[in-house]
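Asker:
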Amino acid sequence: MLYVTRRCHFSASHRLYNPEWTDEQNDAVFDKCNNLYGHGHNYVLEVTVAGHPDPETGYVIDLKKLRDIIEKEIVEKVDHKHLNYDVDFLQGIIPTAENIAVVFWNILESKIPSGKLYSVKLFESDNNLVEYFGEPVSIKRFVSNYASAELV
Ligand code: NI
0 MLYVTRRCHF SASHRLYNPE WTDEQNDAVF DKCNNLYGHG HNYVLEVTVA
50 GHPDPETGYV IDLKKLRDII EKEIVEKVDH KHLNYDVDFL QGIIPTAENI
100 AVVFWNILES KIPSGKLYSV KLFESDNNLV EYFGEPVSIK RFVSNYASAE
150 LV
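Structure representation (structure tokens):
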């Protein structure tokens, strides 16, 4: 088994807050990340595909194809956006790196043409990163103007 990784970059803003909590609770938990109008990150996304090299090409996956998939499915939709408001597939989700990584996985998994998606690694900064290997997890999606919520 070999592991092939494509790295890409995007810049986006977000605000971390739980709409079912009071301002005081949000401030206590999310602190500066709860800034009303958000704050920005230069994200680095690494997507790894695992598989065996095709005998005719030597590729586990053509990295140009992987690049194009990530660009089309993810980067074009999140780059220079506010993740709380501008991105359909993140609506209602607290946009932590954890939750974003799970959503990205769910989008990409079925789109990988050869090999299998192995990991989604999302760097929010040089020092903070989240890695997801696809084990089942539940993340909460707030719906109906935050009046109720469901697990996705
Ligand atoms: Ni942040």
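129 is the number that numbering that gives the first Met the number 0 gives to position 130 of the sequence shown; each next residue is one higher, with no gaps.
Glycine included, each C-beta is placed from N, C-alpha and C at the ideal position.
Only a predicted model underlies this, so the values are computations on that prediction, with no experimental measurement involved.
#1: Counting C-beta neighbours from all protein chains within 10 Å, is the total for Arg6 16 or more, i.e. buried, or is it exposed?
#2: Does the distance from the CB of Lys120 to the CB of Val48 come in under 9 Å?
#3: Please report the straight-line C-alpha distance between Asn144 and Trp20, rounded to a whole angstrom.
#4: Quick one: using the 10 Å Cβ neighbour count with 16 as the cut-off for buried, is Tyr131 buried or exposed?
#5: Use the C-beta contact count for His51: other C-beta atoms within 10 angstroms, 16 or more gives buried, fewer gives exposed.
#6: Would you mind reading off the limits of the alpha helix (DSSP H) that contains Val102?
#7: Spatial neighbours of Gly39 within its chain, please: CB distance less than 6 Å, with the 5 preceding and 5 following residues excluded, ordered by chain position.
#8: According to DSSP, is Val74 part of a helix, a strand, or is it coil?
#9: Rounded to whole angstroms, how far is the Cβ of Asn83 from the Cβ of Arg14, which I believe are closer than 8 Å?
#10: Under the DSSP definition of a beta bridge, which residues are partnered with Leu116?
#11: Measuring straight from C-alpha to C-alpha, what distance separates Ile69 and Lys63?
#12: Could you please go through the chain and list the residues whose beta-carbon is closer than 7 Å to any non-hydrogen atom of the ligand NI?
#13: For Glu97, which option in Val3, Leu1 and Tyr42 has the closest C-alpha, if you only look at C-alpha atoms?
#14: I'd like to know whether the C-beta atoms of Leu65 and Phe9 end up nearer to each other than 9 Å.
#15: Within a Cβ cutoff of 8 Å, which residues of the same chain sit near Trp104, ignoring the five residues on either side of it in sequence?
Answerer: Based on what the coordinates show:
#1: When all chains shown are included, Arg6 counts as exposed.
#2: Not closer than 9 Å, so no.
#3: At Asn144, the pLDDT of 46 sits below 50, so the modelled position is not reliable; the number obtained from the coordinates is stated separately. So the alpha carbons of these two residues sit roughly 14 Å apart.
#4: Buried, because 16 or more other Cβ atoms sit within 10 Å of the Cβ of Tyr131.
#5: Around the beta carbon of His51, fewer than 16 other beta carbons lie within 10 angstroms, which makes this residue exposed.
#6: It spans Ala96 to Leu107 - the alpha helix (DSSP H) in which Val102 sits, taken as one unbroken run.
#7: Taken in chain order, the residues that qualify are Ser12.
#8: Helix at Val74.
#9: Confirmed, about 5 Å.
#10: The partner list for Leu116 (beta bridge, DSSP) reads Val48.
#11: So the alpha carbons of these two residues sit roughly 10 Å apart.
#12: Any residue whose Cβ sits closer than 7 Å to a heavy atom of the ligand NI makes the list: His13, Leu15, Cys32, His38, His40 and Glu123.
#13: Checking every option, the nearest Cα to that of Glu97 belongs to Tyr42.
#14: Result no, Cβ atoms of Leu65 and Phe9 do not sit closer than 9 Å.
#15: Once the five neighbours on either side are set aside, the close Cβ partners of Trp104 are Leu116, Val119, Tyr131 and Gly133.
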